[in-house]
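Student: Protein sequences appear in the order of chains A and B. In terms of my numbering, the first sequence opens at residue 1 and continues consecutively. In terms of my numbering, the second sequence opens at residue 1 and continues consecutively.
Number of protein chains: 2
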Amino acid sequence: MNTRVLLRERPVGAIEPEKTFEVVRAPMDAHQLLEGDVLVRTLFLSLDPAMRGWLDDKPSYLPPVKIGAVMRGGSMGVVVESKNAAFAAGDLVDAQGTGGWQQYFVDRKARNLLKLDPGTDLLAAMGPLGMTGLTAYFGLLEVGKPRAGETIVVSGAAGATGSVVGQIGKIMGCRVVGMAGTDEKCRWLTEELGFDGAINYRTAGGAAGLDKALREHCPKGVDVYFDNVGGDILDAVLLRLRMRARVVLCGAISQYNSEAVAGPKNYLTLLTKRATMAGFIVFDYLARYAEARAQLQAWLDNGKLKFKVDVIDGLENAPQGLLKLFTGANKGKLAVQCAPLPSKL
Amino acid sequence: MNTRVLLRERPVGAIEPEKTFEVVRAPMDAHQLLEGDVLVRTLFLSLDPAMRGWLDDKPSYLPPVKIGAVMRGGSMGVVVESKNAAFAAGDLVDAQGTGGWQQYFVDRKARNLLKLDPGTDLLAAMGPLGMTGLTAYFGLLEVGKPRAGETIVVSGAAGATGSVVGQIGKIMGCRVVGMAGTDEKCRWLTEELGFDGAINYRTAGGAAGLDKALREHCPKGVDVYFDNVGGDILDAVLLRLRMRARVVLCGAISQYNSEAVAGPKNYLTLLTKRATMAGFIVFDYLARYAEARAQLQAWLDNGKLKFKVDVIDGLENAPQGLLKLFTGANKGKLAVQCAPLPSKL
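Structural data, given as structure tokens:
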């Protein structure tokens, strides 16, 4: 039997797990392996804010997930059966977006699989060494271009990407202030991850309160703003930009469930401050993933980079789990465990 | 007697000429010239959209004009009396922001005056060789960085800055499409200034009509958008950006009279298209004005750059004239003639 989660209908506004998705349990599709094919069992799924965008029937950097198709997503798995000389049963693999939300899948000619070293820490591979870590790395360093002594603000700071952004910022010698939605997350940022400050945007007291908190935490203003959330927080930070500031547009999770996106009404501070707002997509840096992973691994090894993974148990709980990203319930990387780990791990 | 126009009160929303400004006719302030001083008679005032921003009591790139002070503005004049060896009666000068809206003024130690060659075309000096021309030059070339073959869209295209932006775009080998508010302006752009296309945004048919017109005029999408207006037009163009497009924020005249600026709700296309939105202020390029003016003059001389000035007669009509910028009544540069030109011009 193969459990698969299909897109049932496109959400209007927020995802409704039972309505948006359909969990199907059925015998495996005939998966007669041809020469070069590999059968993989999914171990971990990655849950990411960008998934909300893939559900909309709108042009974007990837085509929308089709109705009735298996939900797209990053995952890590183990090879069950292989007709490909490069893979053997028991090998750990990064499915690199193929596979998605299903228990088993066949990668024809193993076109998309990336073989991982035996004993690889799959949670690190999905988190700080995966898409969210790479997004933090390239977004901050290549788009934000922070210089030592500058002030960085990151929103969604307790999330998988934001938490890595802030820690890289500290490694670069910057003052780092995070925005998060609970006091407990804020404490995690300052007490465990080394952020210089953290602002609980839910209790800050609206736009005026956010502005006051930003003035306190960023007395010189903001040189780099790494935005994962959009909306009111983006507007608040725009008002505090320094001359020649860089706003890195990584996401806008506060807006993903809205039918009409709230545009940043303070965008004209970009003009008066000669500042830049730039978008990027991590895929553009594919050729440099290895370099980034080596650096991130070195920081993990020397303890400068820490991470946390919130693991949900069971593929069938992925739809409900996805909601946690939008309610701010998770801390660090959010993942779904779909099968017990092979014993040799 | 000296006629001066003072800021009476800060406008909320649109400027109301009689309420916002006060025209005062009074004997000259005792203007005993000290060593180094120069007395200037204003010949032309420049009217510019940015002036609206100077009336608000908000932090910006220049301090707000004070209540009761002479309205700030660019102007060209003629020296009436000089105690400065560098200036003689009859010399033409660019007041470079000193002086403002008054018939006569003294520049202490001639700190701000720029002497112009005898016979200088003052209207060219205020238009394509003045702030608006320099804004077009640096904004397009240094921030927009157009490459031959790319598509440029410029809004406020029949204005002093926009009309120069489009013509420089053509000189650079780009496809240039202008946005303007009357069919007559659109004809001027395509028939006289060489734009490849022009869209009358008032009759385009709302957001859907603008989108259709942009698809027709920019079949490959938009590489550089030079924005003078903000609002719905900015949103429409954001949807048509190509990969790695550059949005040059020069102004947002559609929003200057609004208490709440409408943020660009389609700003997330910056993310999916890896595009950049950047602000700039022409003053930052001060060290390169001479280089830019030489190039602009060369283009004027060889006929590649054309311009038009809409001249309003009489300093006392400046407040009413300023409104033309916001109703879209002017074509090209808007100026006020404050005195007859010296006969030798």
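Backbone N, C-alpha and C define an ideal beta-carbon position, used for all residues, glycine too. Quantities reported herein were computed from a predicted structural model and do not represent experimental measurements.
Which residue spans inside the segment 244-302 of chain A form an unbroken beta strand (DSSP E) run of at least 3?
Tutor: DSSP runs (the beta strand (DSSP E)) wholly in the segment 244-302 of chain A: 276-279.
Student: State yes or no: is the C-beta of residue 305 (chain B) within less than 8 angstroms of the C-beta of residue 164 (chain B)?
Tutor: Yes; because the gap between Cβ atoms is below 8 angstroms, this pair is in contact.
Student: Compare the C-alpha of residue 160 (chain A) against each of A:148, A:173, A:146, A:137 and name the closest.
Tutor: Of A:148, A:173, A:146, A:137, the residue nearest in Cα terms is A:137.
Student: Residue 250 (chain B) to residue 57 (chain A), Cα distance in whole Å?
Tutor: For residue 250 (chain B) and residue 57 (chain A), the distance between alpha carbons rounds to 33 angstroms.
Student: Determine the direct distance from the alpha carbon of residue 150 (chain B) to that of residue 223 (chain B), and round the result to whole angstroms.
Tutor: So the two alpha carbons sit approximately 6 angstroms from each other.
Student: For a test of the three-state rule: what should DSSP assign to residue 152 (chain A), helix, strand or coil?
Tutor: In the structure shown, residue 152 (chain A) sits in a strand (DSSP, three-state: E or B).
Student: Is it right to say residue 274 (chain A) is buried, meaning 16 or more other beta carbons lie within 10 angstroms of its own, or is it exposed?
Tutor: Buried, by the Cβ-count rule.
Student: Straight-line CA distance for residue 269 (chain A) to residue 261 (chain B)?
Tutor: Those two C-alpha atoms are separated by around 11 angstroms.
Student: Any C-beta of chain B sitting closer than 8 angstroms to the C-beta of residue 63 (chain A)?
Tutor: Output row for residue 63 (chain A): interface = no.
Student: What does residue 10 (chain B) touch in chain A if you count any residue whose Cβ is under 8 angstroms from its own?
Tutor: Here the premise fails: no neighbours, minimum Cβ distance about 18 angstroms.
Student: For residue 345 (chain A), is the classification buried or exposed, using 16 other Cβ atoms within 10 angstroms of its Cβ as the cut-off for buried?
Tutor: Low confidence applies to residue 345 (chain A): its pLDDT is 49, below 50, so where it sits in the model is not reliable enough to give any reading.
Student: For residue 345 (chain A) and chain B, any beta-carbon pair shorter than 8 angstroms?
Tutor: Per-residue confidence for residue 345 (chain A) stands at a pLDDT of 49, beneath the threshold of 50, marking its modelled position as unreliable; the derived number appears in the next sentence. So no, residue 345 (chain A) is outside the interface.
Student: Does the distance from the CB of residue 79 (chain B) to the CB of residue 90 (chain B) come in under 8 angstroms?
Tutor: Yes, these two residues count as a Cβ contact at 8 angstroms.
Student: Output needed in chain order: residues of the segment 245-265 of chain A with a Cβ under 9 angstroms from some Cβ in chain B.
Tutor: So the close ones are 247, 249, 250, 251, 252, 255, 260, 261, 262, 263, 264, 265.
Student: Taking contact to mean at least 3 C-beta pairs separated by less than 8 angstroms, is the segment 70-77 of chain B in contact with the segment 96-113 of chain B?
Tutor: Short answer: they touch.
Student: Which of the three DSSP states, helix, strand or coil, is assigned to residue 241 (chain A)?
Tutor: In the structure shown, residue 241 (chain A) sits in a strand (DSSP, three-state: E or B).
Student: For residue 137 (chain A) and chain B, any beta-carbon pair shorter than 8 angstroms?
Tutor: It does not: the Cβ of residue 137 (chain A) has no partner Cβ on chain B nearer than 8 angstroms.
Student: Using the DSSP secondary-structure output, state which residues sit across from residue 226 (chain B) in a beta bridge.
Tutor: B:154, B:248, per the DSSP bridge assignment.
Student: With a threshold of 16 other CB atoms inside 10 Å of the CB of residue 235 (chain A), please say whether the residue is buried or exposed.
Tutor: With 16 or more other Cβ atoms within 10 Å, it is buried.
Student: How far does the beta strand (DSSP E) with residue 167 (chain B) in it extend, from its first residue to its last?
Tutor: Premise fails: residue 167 (chain B) lies in the alpha helix (DSSP H), 160-171, not in any beta strand (DSSP E).
Student: Please report the distance separating the alpha-carbon of residue 263 (chain A) from that of residue 252 (chain A).
Tutor: Taking the straight line from one Cα to the other gives about 11 angstroms.
Student: Quick one, which of A:124, A:28, A:143, A:206 has its alpha-carbon nearest residue 106 (chain A)'s?
Tutor: The option with the nearest alpha carbon to residue 106 (chain A) is A:28.
Student: Helix, strand or coil: which one does DSSP assign to residue 94 (chain B)?
Tutor: Residue state, collapsed to three classes: strand.
Student: So what's residue 143 (chain B) in DSSP terms, helix, strand or just coil?
Tutor: It is helical.
Student: Mind checking residue 46 (chain A): buried by the 16 CB within 10 Å criterion, or exposed?
Tutor: Residue 46 (chain A) comes out buried.
Student: Is the beta carbon of residue 5 (chain B) closer than 8 angstroms to that of residue 104 (chain B)?
Tutor: Taking 8 angstroms as the Cβ cut-off, residue 104 (chain B) and residue 5 (chain B) do not qualify as a contacting pair.
Student: Short of 7 angstroms in beta carbon distance, which residues of its chain neighbour residue 185 (chain A), apart from the five on each side in sequence? Order them along the chain.
Tutor: The answer, listed in chain order, is 158, 331.
Student: Below 8 angstroms on C-beta distance, what does residue 277 (chain B) contact in chain A?
Tutor: 267, 270, 276, 277, 278, listed in chain order.
Student: Note down, in chain order, each residue of its chain lying with its Cβ closer than 6 angstroms to the Cβ of residue 37 (chain A), except the 5 sequence neighbours on either side.
Tutor: Around residue 37 (chain A): 83, 106, 108.
Student: At the 8 angstroms Cβ level, is residue 115 (chain B) part of the contact set with chain A, yes or no?
Tutor: No, because no Cβ of chain A sits closer than 8 angstroms to the Cβ of residue 115 (chain B).
Student: Could you tell me how far apart the beta carbons of residue 23 (chain A) and residue 316 (chain A) are, in whole angstroms, since I believe they sit closer than 8 angstroms?
Tutor: The pair is a contact, with the Cβ atoms about 5 angstroms apart (cut-off 8 angstroms).
Student: State the CB to CB distance for the pair residue 169 (chain B) and residue 214 (chain B), rounded to an integer number of angstroms; the pair is presumed to be in contact (CB under 8 angstroms).
Tutor: The pair is not a contact, with the Cβ atoms about 16 angstroms apart (cut-off 8 angstroms).
Student: Can you pull the chain A residues whose beta carbon is under 8 angstroms from the beta carbon of residue 60 (chain B), in chain order?
Tutor: Per Cβ cutoff of 8 angstroms: 272.
Student: Using DSSP bridges, identify the partner residues of residue 184 (chain B).
Tutor: Note: residue 184 (chain B) sits in no beta bridge, so no partner.
Student: Could you list which residues in chain B have their beta carbon closer than 7 angstroms to that of residue 48 (chain A), in chain order?
Tutor: Per Cβ cutoff of 7 angstroms: no residues; residue 48 (chain A) is ~14 angstroms from chain B at best.
Student: To the nearest angstrom, report how far apart residue 272 (chain B) and residue 43 (chain B) are at their CA atoms.
Tutor: Using only the alpha carbons, I get a separation of about 50 angstroms.
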